[in-house]
Amino acid sequence: MKAATRKSAKAEHSDYDRWKTDQIKLGLDDIDAGRGMTHAEFMKQSDAHLKRFARKHAKVA
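Residues 75 to 135, numbered by the numbering used here, are exactly what the sequence shown covers, in order.
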């Protein structure tokens with residue numbers, strides 16, 4: 075592997091690590107501010123989405 079490619083890969087990895095850390099901090103800030111949802115709420119919402127998806131695609135078939 076060439077040195078330039080190695081430097082580029084390290085820079086991309088560093089950018090990704092910064093982005094990942096920022097996303098985690100934003101998520102924790104949302105939870106602290108009460109903008110999160112419980113597992114039960116998430117599952118209820120997910121089930122509703124899946125039912126709508128199934129109905130939509132049942133009509134197409």
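Glycine included, every Cβ here is placed at the ideal spot set by N, Cα and C.
Determine the contact status of Gly63 and Asp104, defining contact as a CB-CB distance below 8 angstroms.
What the structure shows of the chain is the stretch from 75 to 135, and residue 63 is not part of that stretch, so it cannot be assessed.
Rounded to whole angstroms, what is the Cα-Cα separation between Ser82 and Lys76?
Against the sequence shown, residue 82 aligns to sequence position 8. Against the sequence shown, residue 76 aligns to sequence position 2. The alpha-carbon atoms of Ser82 and Lys76 are separated by roughly 10 angstroms.
DSSP three-state label for Met117, please.
Here residue 117 corresponds to residue number 43 of the sequence shown, with the count starting at 1. Secondary structure at Met117: helix, using DSSP grouped into helix, strand and coil.
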